[in-house]
Amino acid sequence: MRVVLPGQRLIRAWWQGRSWRPKTLRAGSGWDVALEDVLDLLSRIEQGIVTATSVREHLLAAIAAQVPAGGCCPTCAQYIQQHQAALVLYEQQLARSTDPARWPYAIEDITLHRATCQRLPRWSDEAAYPGTLRDWAHGLNEVWHWGRAWRVTREQAQQWLVEHSGPRGRKNYQLCDHCAPDLPRALLRLA
186 MRVVLPGQRL IRAWWQGRSW RPKTLRAGSG WDVALEDVLD LLSRIEQGIV
236 TATSVREHLL AAIAAQVPAG GCCPTCAQYI QQHQAALVLY EQQLARSTDP
286 ARWPYAIEDI TLHRATCQRL PRWSDEAAYP GTLRDWAHGL NEVWHWGRAW
336 RVTREQAQQW LVEHSGPRGR KNYQLCDHCA PDLPRALLRL A
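Just remember that the working numbering sits 185 ahead of the position in the sequence shown, which is counted from 1.
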């Protein structure tokens, strides 16, 4: 892409993406500008030919013109539906975490907890938020994953125990030793 800046200066910029993982994406992340053009821009700013603000505005406007409506790039556009589903799931689990009477249990990996267990990660924590579409699509939300503690009803907990019980009574789950979730003995014998 070629960007014309104030004073008719032409610079070269292109989308590279990144193999490294910055904590958050800033405006312009993933775009590269030729070093010689950057040095020339700095010189023009020093000489007062252009201002840093006008250079920034022109660069971001040029990048925005290249960005599809679905995000910063075609990769973002591929992940729109998946990101929307993650946001819905996040909101659902956040709502469940505020009503332990209705959702009395939580499942974290292979462990069943009471919903009020102090060892559970809280869904209100920033780490549970899927992040922006850009973060999601470019894998910058590495902290968020599907395996967080899911709030479930008593029936869902019972079904999970049955599903995680192997042949001959082998258990593929554990009950939290901190909160000791109470389940009917008959169910524990089945599971």
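A virtual CB, placed ideally from N, CA and C, is assigned to each residue, including glycine. Keep in mind the model is a prediction, meaning the values are calculated, not measured.
On the DSSP bridge assignment, give the partners of residue i in chain order.
i: residue 292; result: 297 and 335
i: residue 360; result: 297
i: residue 350; result: 356
Using the C-alpha atoms, what's the distance from residue j back to residue i?
i: residue 267; j: residue 229; result: 44 Å
i: residue 261; j: residue 318; result: 7 Å
i: residue 240; j: residue 247; result: 11 Å
i: residue 337; j: residue 321; result: 25 Å
i: residue 345; j: residue 258; result: 40 Å
i: residue 300; j: residue 269; result: 26 Å
i: residue 273; j: residue 263; result: 18 Å
i: residue 208; j: residue 287; result: Low local confidence applies: a pLDDT of 40 at residue 208 is under 50, so the model's placement there is unreliable, and no value is given.
i: residue 278; j: residue 355; result: 30 Å
i: residue 365; j: residue 323; result: 39 Å
i: residue 220; j: residue 349; result: 57 Å
i: residue 223; j: residue 217; result: 10 Å
i: residue 283; j: residue 368; result: 21 Å
i: residue 233; j: residue 243; result: 16 Å
Could you give the DSSP three-state label for residue i: helix, strand or coil?
i: residue 218; result: strand
i: residue 241; result: helix
i: residue 210; result: Residue placement at residue 210 is poorly supported in this model, since its pLDDT is 41, which falls under 50; the coordinates still yield a value, given next. Residue state, collapsed to three classes: coil.
i: residue 260; result: helix
i: residue 320; result: helix
i: residue 235; result: coil
i: residue 225; result: helix
i: residue 304; result: coil
i: residue 368; result: coil
i: residue 271; result: helix
i: residue 286; result: coil
i: residue 328; result: Only weak support exists for where residue 328 lies, its pLDDT of 48 falling under 50; the coordinates are left without a value.
Considering only the beta carbon of each residue, do residue i and residue j sit closer than 8 Å?
i: residue 339; j: residue 285; result: no
i: residue 335; j: residue 291; result: yes
i: residue 315; j: residue 271; result: yes
Touch test, the segment 295-304 against the segment 352-367, Cβ-Cβ under 8 Å, three pairs minimum
Enough Cβ pairs lie closer than 8 Å, so yes.
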